[in-house]
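Asker:
Residue numbers (the UniProt record's numbering): 1 to 386.
#1: Based on Cα-Cα distance, which residue from 114, 102 and 30 lies nearest to residue 90?
#2: Round the Cβ separation of residue 110 and residue 272 to the nearest angstrom and send it over; I've been treating them as touching at under 8 Å.
#3: Which word fits residue 301, buried or exposed, when buried means at least 16 other C-beta atoms lie within 10 angstroms of its C-beta?
#4: Which runs of the alpha helix (DSSP H), 4 residues or longer, sit entirely within the segment 213–253?
#5: Let's see if you can read the secondary structure: which residues bound the alpha helix (DSSP H) around residue 151?
#6: Grab me the residues of residue 360's own chain with a C-beta within less than 6 Å of its C-beta, minus the 5 sequence neighbours each way, in chain order.
#7: Relative to the alpha-carbon of residue 326, which residue among 128, 367, 274 and 286 has its alpha-carbon at the smallest distance?
#8: Give me the Cα-Cα distance between residue 49 and residue 342, rounded to the nearest whole angstrom.
#9: Give every residue of the same chain whose Cβ lies closer than 7 Å to the Cβ of residue 44, excluding the five residues on either side of it in the sequence, and list them in chain order.
#10: Under 8 Å, with one C-beta from each stretch per pair, do the segment 183–199 and the segment 130–137 reach the 3-pair mark?
#11: Name the DSSP bridge partner or partners of residue 314?
#12: To the nearest angstrom, how far is it from the Cα of residue 237 to the Cα of residue 269?
#13: Quick check on this structure: which residue in 71, 88, 46 and 34 has the alpha carbon closest to the alpha carbon of residue 52?
#14: For a test of the three-state rule: what should DSSP assign to residue 90, helix, strand or coil?
#15: Where do the ends of the beta strand (DSSP E) carrying residue 132 lie?
#16: Please state whether DSSP places residue 187 in a helix, a strand or coil.
#17: At what residues does the alpha helix (DSSP H) containing residue 272 begin and finish?
#18: Compute the distance between the beta-carbons of residue 169 and residue 158, then report whether it is under 9 Å.
#19: Please tell me whether residue 228 and residue 255 are closer than 9 Å, where the distance is taken between their beta carbons.
#20: Taking three-plus beta-carbon pairs below 8 Å as touching, is the segment 175–190 in contact with the segment 77–85?
#21: Is the CB of residue 107 under 9 Å away from at least one CB in chain D?
#22: I believe residue 79 touches residue 60 by the beta-carbon criterion, under 8 Å. Please report the beta-carbon distance rounded to the nearest angstrom.
#23: Find out if the Cβ-Cβ distance for the pair residue 338, residue 299 is shorter than 9 Å.
#24: Taking the beta strand (DSSP E) that residue 8 belongs to, which residues open and close that run?
#25: Determine the burial state of residue 181: buried for a count of at least 16 other Cβ atoms within 10 Å of its Cβ, exposed for fewer.
#26: Rank 264, 335, 33 and 108 by C-alpha distance to the C-alpha of residue 92 and give the top, closest one.
#27: From which residue to which residue does the alpha helix (DSSP H) around residue 33 run?
#28: What separation, rounded to the nearest whole angstrom, lies between the Cα atoms of residue 290 and residue 283?
#29: Select from 217, 362, 11 and 22 the residue whose C-alpha is nearest the C-alpha of residue 63.
#30: Is residue 20 helix, strand or coil by DSSP?
#31: Could you give the DSSP three-state label for residue 343: helix, strand or coil?
#32: How should residue 13 be labelled, buried or exposed, when 16 other C-beta atoms within 10 angstroms of its C-beta is the threshold for buried?
#33: Under a three-way DSSP split, which group does residue 68 fall into?
#34: Starting from residue 355, trace the beta strand (DSSP E) both ways and give me its first and last residue.
#35: Could you check whether residue 163 and residue 47 sit closer than 9 Å to each other, using their CB atoms as the reference points?
#36: Just tell me which of 71, 69, 316 and 74 has its CA closest to the CA of residue 279.
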């Protein structure tokens, strides 16, 4: 039996909710689910990542998008999510399709065990012919503990299930070299290097938390995981199949280079920085060459409150990110070891170990096709004394 193709579809708030009265756009949802039902009948496995809960719940909490604070948005998400899922469930049933809801947080996607548990759940839903609908759990997310946008969430999901294609539907027909409303804006049909196009991605929709920038970041995450990305306009009639059959134009972000192992892909595609290490330029060069991990005596400063098994970002003295890797110690243990180089590790942290802070086999060296994350400002209290 041939392997089913997997498609992850991401839908933005501006397609699901009318931006004036903040009510559901039933015609779009009907057109979308009709198309997905047809694709499922043709043998595709599909995951839908859906925004919209906050926008749909704002009327109930008496707020407009531009006036809503974080607490308003959390409350709106709690109100809007049942409305959104009820609409999906009712319309899906008209197309003989079952749906399942999965709400995830940044911690679910960044912690390896929970990440794999979500993956296994989605695969079981596939086995039963059920359409998973995934959204960030906005009712409990805070400004510092959220995925930040469903574009990047969709890329993490595509990475998770080893999808063949990520389709991001939005309010425009793809990427332009500048704001498409500006005179002379040129449409970009195909992208190899996402970093070359970041300067033209500053606009954000009234309802969404992202914009074209987060779509480019998502495309970069997807292509590093071996997943091609398509960015297209969310039309009502056959929004997905019309793209697959190339009946209208869209922006295609190609997969470049050799795809790493699932563990290395998971290491590279981060939604949030758990912690950082700054090392000397000489150590950074050796790390970048793949010659070594990071030991306690290499560390200049430490940022973040992290636990054993978290992913740390390694920077050189100039603030350039060079690698990401799994830490063998908590932030407290790491700081103690780095500040007491004259003592045995066992005497410092209370148990015997020969491990590096990050072992070379658990480290991913960033290549040109990875978008680096800016180093956080250094807290003087966390600098290791020379």
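Ideal Cβ placement from N, Cα and C applies to all residues, glycine included.
Answerer: Taking the coordinates as given:
#1: The residue with the shortest Cα to Cα distance from residue 90 is 30.
#2: 6 Å between Cβ atoms; contact.
#3: So residue 301 counts as buried.
#4: Taking only runs of at least 4 residues, the alpha helix (DSSP H) segments lying wholly in the segment 213–253 are 241–244.
#5: Segment 150–160, the alpha helix (DSSP H) holding residue 151.
#6: The residues are 292 and 293.
#7: Per the Cα distances, 274.
#8: Approximately 52 Å between the Cα atoms of the pair.
#9: Here the set comprises 4, 5 and 7.
#10: Touching, no, given that fewer than three Cβ pairs across the two stretches are closer than 8 Å.
#11: According to DSSP, which records beta bridges pairwise, residue 314 is partnered with 277 and 323.
#12: Rounded to the nearest angstrom, the gap between the Cα atoms of residue 237 and residue 269 is 33 Å.
#13: The shortest Cα separation from residue 52 among 71, 88, 46 and 34 belongs to 88.
#14: Reduced to three states, the DSSP call for residue 90 is helix.
#15: Looking at the DSSP string, the run of the beta strand (DSSP E) that includes residue 132 is 130–136.
#16: In the three-state scheme derived from DSSP, where H, G and I count as helix and E and B as strand, residue 187 is classed as strand.
#17: In the DSSP assignment, residue 272 falls outside any alpha helix (DSSP H) and carries neither an H nor an E.
#18: Contact: no.
#19: Yes.
#20: These segments do not touch.
#21: Although the question refers to chain D, the structure presented lacks it and comprises just one protein chain.
#22: Sure, about 4 Å apart at Cβ, within 8 Å.
#23: Yes; because the gap between Cβ atoms is below 9 Å, this pair is in contact.
#24: Run containing residue 8: 6–11, per the beta strand (DSSP E) assignment.
#25: By the 10 Å Cβ count, residue 181 comes out exposed.
#26: Relative to residue 92, the option among 264, 335, 33 and 108 whose CA is nearest is 33.
#27: 26–41 is the extent of the alpha helix (DSSP H) around residue 33.
#28: If you draw a straight line from the Cα of residue 290 to the Cα of residue 283, it is about 11 Å long.
#29: When each option's Cα is compared against that of residue 63, the closest is 22.
#30: Residue 20 falls in the coil class under three-state DSSP.
#31: Per DSSP, reduced to three states, the secondary structure at residue 343 is coil, with no helix or strand assignment.
#32: Burial state of residue 13 is buried, judged by a 10 Å Cβ sphere holding 16 or more other Cβ atoms.
#33: Residue 68 sits in coil when the DSSP states are folded into three classes, being neither helix nor strand.
#34: Counting along the chain, residue 355 sits inside no beta strand (DSSP E), nor does DSSP assign it H or E at all.
#35: Using a Cβ distance threshold of 9 Å, residue 47 and residue 163 count as a contacting pair.
#36: Closest by alpha carbon: 316.
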